[in-house]
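Each remark here refers to the structure printed beneath this line.
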Amino acid sequence: MAGNKKKGSGTDRDRIKNITDLVNPPGRRRHSSRSRRPGKRKTGKDDSRVYTVNHLEEDGSDERKQAASSGRRRSAGGKASSASRRRFSAFAKVMAAVLIAAAFLFAVVIFKNINTGSRHDEKGMTAFNEADYDTSVKEFKEALSYDPNNAQYYTHLGMAYIGLKSYDEALGYFKQAISHAENDVQKALACRGQGLAHLYSGDYEDSIESFQSALSYKDSGLESDIQKDILSYQAQACESAGDYKSAADCYSQALEISGSDTQILTKRGLAYEQLGDYASAEKDLQTAVSGSKKSYYAYQALYNALAKQGKTDQAGQVLDQALDLGGSSGKDLYFQGMIYLEKNDLADAQKMFESSYKKGCKYALIGQAQSAVRGKDYEKASSSLEKYISEAGSGSKNKAFRAKAYDLYALCLIKQKKYDEAIKACQSGLDLNDRDTDASLTFNLIAAYEQKGEWEKAYSAAKTFHEKYPDDKEGTREFEFLESRMSK
């Protein structure tokens, strides 16, 4: 028992000695006066082994405990670390799943918005093509609410506002289209829209500049058909500004793109006529007639070019050739009526116009009025023109015909001495800003004011006419007459 142990027996020193004796028996020990560094072990039989054993027994027990404790801690720590890693991994997976779900949801929302915007845009285009501009504006705005950075939607909305004659609003949306454009083609189409807005509002110089800006992107993938379209509109703006030389140049550029084009050749021929270059006009129009066997418009223009050159016989032959084109559509019958009108065959002209109108061609009403004016039946002519004005749409395609109708209507009203109504008709026609009829409308306005005895208004209108058309001899005489009257 522990209590019967002798004093000193079993002490640490005795145990160390016993262990020492077992490891290094007394007969084999060598004593050395040389001290050795603790812990450094050498080969050979010396007391370093004693120290090593003593070290392990006395000090190593604590180290072993510490090592064991450390191992346990490492083990425990490893287990804790492993658990922590597992918890972090699980958290990371959850977060990744959340992020993926959020990204997917975001993509779905974006895709849905874009798809919904596209559907509204398509609805807007359908309404636009049907001239339902109020609906098209509503649909294009709805499309933008889903995709507010879409340049194409802004351009479409601008075009819809042009249809509503809200040109300032249209220009604002074209500007936004340019700022949101992702490529040069989108910028070109927006600039084209700006050009149209300026053209229809009568700002011809700005219109020409905008079309030129659109054409500056022609090397950026702009399709040849779009380039030709822009050049044709630019030529129209030049004609409206009275610059027929630039208009002819634009048509020439368009022909370089498209080759022989009957419509463009006809328009360039007409521009040459305005310049007094009837030989060039005849050449273009002859080519146009040869290229398209059924272009009444080209035949009529060629007739005018030949007649201006005094080539009466050739001009008459062209009219006969045009009649041989035949055709039974409303438009064909209208042109046939116009040819009979040129031949001064009023009876056949009226028949053709009546048949044309029955087939839905409203332009035939203007033809009826022209035929009636030739016969000096101004009341009948007025009735046809009133009918046309009430039935004709307000689209840009009808603009020239409406201006012509107001001009002819004003003349008929003056002949019937209805001067106030004639003045209103002239003002309505002038609001359309159609240069081809602008001069005639202004001249009729002067005449109506003169007949009413309103000399100051007549002089003001004559001054405006003279400033716009300084080379017009009849307009200059009228202006000088009224100026001398006002100075008295």
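Letter 80 of the sequence shown, counting from 1, is numbered 79 in numbering that gives the first Met the number 0, and no numbers are missing.
Idealized CB from N, CA, C, for every residue including glycine.
Predicted, not measured: the structure shown is a model, and the values here were computed from it.
Confirm, please, whether the CB-CB distance from residue j to residue i is below 8 angstroms.
i      : j      : result
Gly116 : Ser135 : no
Ile422 : Ala438 : no
Phe334 : Ile365 : no
Tyr458 : Glu482 : yes
Leu322 : Ala314 : no
Tyr387 : Ala402 : no
Ala297 : Thr261 : yes
Ala270 : Ala247 : yes
Ala253 : Leu221 : no
Gly192 : Ala159 : no
Lys398 : Asp433 : yes
Tyr243 : Leu274 : yes
Gly336 : Met351 : yes
Kindly indicate the opening and closing residues of the alpha helix (DSSP H) around residue i.
i      : result
Lys289 : The question names Lys, but residue 289 in the sequence shown is Ser. Element bounds for Ser289: 277-290.
Cys190 : 183-199
Gln426 : 418-429
Cys411 : 398-414
Lys379 : 377-390
Asn443 : 434-451
Lys140 : 132-145
Tyr468 : Note, Tyr468: premise wrong, no alpha helix (DSSP H); not H, not E.
Leu221 : Premise fails: Leu221 is in no alpha helix (DSSP H) and is neither H nor E.
Asn149 : Where Asn149 is concerned, there is no enclosing alpha helix (DSSP H), given that its DSSP letter is neither H nor E.
Gly329 : 329-341
Cys249 : 243-257
Gly294 : At residue 294 the sequence reads Ser, which differs from the Gly that was named. Run containing Ser294: none; DSSP gives neither H nor E here.
Gly366 : 362-373
Tyr166 : 166-179
Counting only the same chain and skipping the five closest in sequence on each side, list residues whose C-beta sits under 7 angstroms from that of residue i.
i      : result
Asn303 : Glu272
Tyr232 : Gly194, Leu195, Leu198, Phe210
Phe480 : none
Gly268 : Ala280, Asp283, Leu284, Ala287, Ala300, Ala304
Ile413 : Ala421, Asn443, Ala446, Ala447, Gln450
Ser212 : Cys190
Arg476 : none
Lys416 : none
Glu204 : Ala240
Lys361 : Tyr387, Glu390, Ala391
Lys462 : Phe478
Ser245 : Cys237
Arg36  : For Arg36, the predicted model reports a pLDDT of 42, less than 50, meaning its position is unreliable; a value from the coordinates is still stated below. Here the set comprises nothing.
His465 : Gly474, Thr475, Phe478
Ser370 : Leu340, Leu345, Ala348, Gln349, Phe352
Let me check understanding here. Comparing Cα to Cα, which of the options lies closest to residue i?
i      : options                        : result
Ser289 : Tyr277, Thr311, Leu264         : Leu264
Ala287 : Gly309, Val317, Lys310         : Val317
Asp167 : Asp202, Glu420, Glu141, Pro147 : Asp202
Leu143 : His119, Gly192, Thr436         : His119
Leu332 : Asp319, Gln320, Gln349         : Gln349
Glu390 : Gly359, Cys411, Asp376         : Gly359
Leu431 : Lys164, Pro147, Asp312         : Lys164
Asn182 : Gln320, Ile207, Asn148, Asn114 : Asn148
Gln320 : Lys310, Gln369, Ile338         : Ile338
Counting only the same chain and skipping the five closest in sequence on each side, list residues whose C-beta sits under 6 angstroms from that of residue i.
i      : result
Val372 : Ala380
Ala150 : Ala176, His179, Ala180, Gln185
Lys307 : Tyr277
Gln226 : Lys217, Ile256
Tyr418 : Ala447, Gln450, Lys451
Ser259 : Gly290
Asp471 : none
Cys425 : Ala409, Leu440, Asn443, Leu444
Lys467 : none
Gly428 : Ala402, Tyr405, Asp406, Leu440
Cys411 : Tyr377, Ala380, Ser381
Gly171 : none
Tyr132 : Ala159, Gly162, Leu163
Grab me the residues of residue i's own chain with a C-beta within less than 8 angstroms of its C-beta, minus the 5 sequence neighbours each way, in chain order.
i      : result
Glu385 : Tyr408
Tyr356 : Gly329, Ala363, Leu364, Gln367
Cys249 : Leu230, Ser231, Gln233, Ala234, Cys237
Lys293 : Leu324, Gly326
Phe139 : His119, Asp120, Gly123, Tyr152, His155, Leu156, Ala159
Met485 : Trp454, Glu455, Tyr458
Asp20  : Because Asp20 sits at a pLDDT of 43, beneath the cut-off of 50, its placement in the model cannot be relied upon, and the following sentence gives the value as read from the coordinates. There are no such residues.
Pro469 : Thr475
For residue i, decide whether its Cβ has a neighbour in chain C, counting only Cβ atoms nearer than 8 angstroms.
i      : result
Ala321 : Among the chains of the structure shown, chain C does not appear; only one protein chain is present.
Taking 7 angstroms as the cut-off, is the CB of residue i close to at least one heavy atom of the ligand FMN?
i      : result
Val317 : Questions concerning the ligand FMN fall outside what the structure shown contains, since it holds no ligand whatsoever.
The stretch 340-348 contacting the stretch 379-390, beta-carbon criterion three pairs below 8 angstroms: no
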